[in-house]
Amino acid sequence: MWASLSGLKRGQLEAWLEKALVPVEPSPVFIRQLQARLVTVKGDRVISPWMVVLVMLTSLVLLASWLNVATRILLGLLSLFGLMERSRRQRERTR
Amino acid sequence: MSGSGPDEMSLVQQAASDAEAFGELYSRHVKRIYNYIYYRTGDYQDAEDLTARVFQRALGHVGSFQDQGVPFSAWLYRIAHNLVANWHRDRSRRPIVPLDDHVMESGSSSHPESLAVAMEENQMLLAAVRRLSADRQELLILKFVERLPNAEIGEIMGRTEGAIKSLYHRTLNALREEIQKTEQEASEGGRA
Numbered sequence: 715m716w717a718s719l720s721g722l723k724r725g726q727l728e729a730w731l732e733k734a735l736v737p738v739e740p741s742p743v744f745i746r747q748l749q750a751r752l753v754t755v756k757g758d759r760v761i762s763p764w765m766v767v768l769v770m771l772t773s774l775v776l777l778a779s780w781l782n783v784a785t786r787i788l789l790g791l792l793s794l795f796g797l798m799e800r801s802r803r804q805r806e807r808t809r
Numbered sequence: 065m066s067g068s069g070p071d072e073m074s075l076v077q078q079a080a081s082d083a084e085a086f087g088e089l090y091s092r093h094v095k096r097i098y099n100y101i102y103y104r105t106g107d108y109q110d111a112e113d114l115t116a117r118v119f120q121r122a123l124g125h126v127g128s129f130q131d132q133g134v135p136f137s138a139w140l141y142r143i144a145h146n147l148v149a150n151w152h153r154d155r156s157r158r159p160i161v162p163l164d165d166h167v168m169e170s171g172s173s174s175h176p177e178s179l180a181v182a183m184e185e186n187q188m189l190l191a192a193v194r195r196l197s198a199d200r201q202e203l204l205i206l207k208f209v210e211r212l213p214n215a216e217i218g219e220i221m222g223r224t225e226g227a228i229k230s231l232y233h234r235t236l237n238a239l240r241e242e243i244q245k246t247e248q249e250a251s252e253g254g255r256a
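Respectively, the protein sequence lines represent chains A and B.
According to the working numbering, the stretch in the first sequence is residues 715 to 809, in order.
According to the working numbering, the stretch in the second sequence is residues 65 to 256, in order.
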């Protein structure tokens with residue numbers, strides 16, 4: 715069998731290549747699933763401007779909330795310290 | 065047609081920020097990339113896996129693609145070429161020649177024995193093709209599977225048309241030598 719191929723002239727070899735190297739159809743399911751993955755999942759550099767705006771706004775809101783909470787905690791601690799100090803002075807006056 | 069016209073270049077630029085545009089590029093090129101990888105690896109499952117990786121990588125880097133007169137398909141083929149090279153290096157195995165997803169139907173007898181012989185010859189020929197260097201395999205795939213003219217093949221491979229013709233001539237000679245080697249190995253194996 716191989717003797718027929720190794721002794722081939724150029725034209726015959728090309729004819730065999732034309733028969734052997736033919737387009738192959740990939741699985742339609744694979745094609746569709748891969749396209750769905752690629753279109754749904756953005757690449758590293760495919761970032762929507764609206765996404766950037768949303769992230770910044772969210773960050774600002776979170777920062778404001780955190781500052782609000784932190785300020786309240788600080789005021790609470792100061793109030794507690796003030797109460798403790800006033801209580802100590804009252805005890806000293808009554809002695 | 066693999067050349068990137070103005071339409072495709074504008075699509076490539078949009079694809080950097082528009083997933084739908086990338087989806088259109090994907091639709092245009094997925095089958096040719098799949099075919100290239102299939103014939104380089106010999107296995108449809110590996111071809112699917114590597115094709116997916118080609119387009120995932122392309123999606124991540126499409127923003128950096130610059131129009132330097134090279135078709136977009138050439139960029140995809142380069143990614144595919146590199147991934148297949150890594151695949152061969154990592155696997156370090158002989159190429160698998162599957163019993164087939166595609167069967168040579170045209171020009172063959174409907175007789176089962178003739179068909180079986182033809183299929184076996186095809187697979188042996190494909191195995192010989194896969195023992196060629198990567199550039200020579202790429203040339204044969206673009207020429208026979210994609211039916212591209214030498215000028216377009218040259219654009220994709222970054223060579224002149226004359227260089228492609230010369231490479232083709234050397235490729236056929238190398239293929240004939242590979243076939244002769246296989247014939248000798250087969251006859252020595254039969255004697256053993």
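Cβ atoms here follow ideal geometry from the backbone N, Cα and C, with glycine treated the same way.
Item                                                                                                                : Value
Cβ of Leu-190/B within 8 Å of any chain A Cβ                                                                        : yes
Stretch pair the segment 96-115 of chain B + the segment 735-744 of chain A: three plus CB contacts closer than 8 Å : yes
CB of Gly-133/B within 8 Å of CB of Gln-749/A, strictly                                                             : no
Cα-Cα separation, Ala-238/B to Asp-199/B                                                                            : 12 Å
Partner residues on chain A for Tyr-141/B, Cβ-Cβ distance less than 9 Å                                             : Simply none; closest approach about 15 Å.
Secondary structure of Pro-763/A, DSSP reduced to three states                                                      : helix
Phe-795/A, buried or exposed, once every other Cβ within 10 Å from all chains shown has been counted against 16     : exposed
Any 3 or more C-beta pairs closer than 8 Å across the segment 135-150 of chain B and the segment 775-788 of chain A : no
Given Ala-116/B as reference, the closest of Glu-225/B, His-93/B, Phe-136/B, Leu-204/B once Cα atoms are compared   : His-93/B
Beta-carbon proximity check, Leu-206/B vs Phe-136/B, cutoff 8 Å                                                     : no
Short CB-CB distance (under 8 Å) between Gly-106/B and chain A                                                      : no
Three-state secondary structure assigned by DSSP to Ala-250/B                                                       : helix
Backbone secondary structure at Gln-132/B - three-state DSSP                                                        : coil
CB-CB length for Ile-220/B against Ala-138/B, believed under 8 Å                                                    : 4 Å
Separation of Ile-217/B from Ser-172/B, as counted between CA atoms                                                 : With a pLDDT of 46 at Ser-172/B, under the threshold of 50, the predicted position of this residue should be treated as unreliable, though the coordinate-derived value follows. Approximately 29 Å between the Cα atoms of the pair.
Closer than 8 Å at the beta carbon, the chain A residues around Gly-87/B                                            : Gln-749, Leu-752, Val-753
Interface flag, Arg-746/A vs chain B, CB-CB below 8 Å                                                               : no
Alpha helix (DSSP H) runs wholly inside the segment 201-242 of chain B, at least 4 long, in chain order             : 214-221
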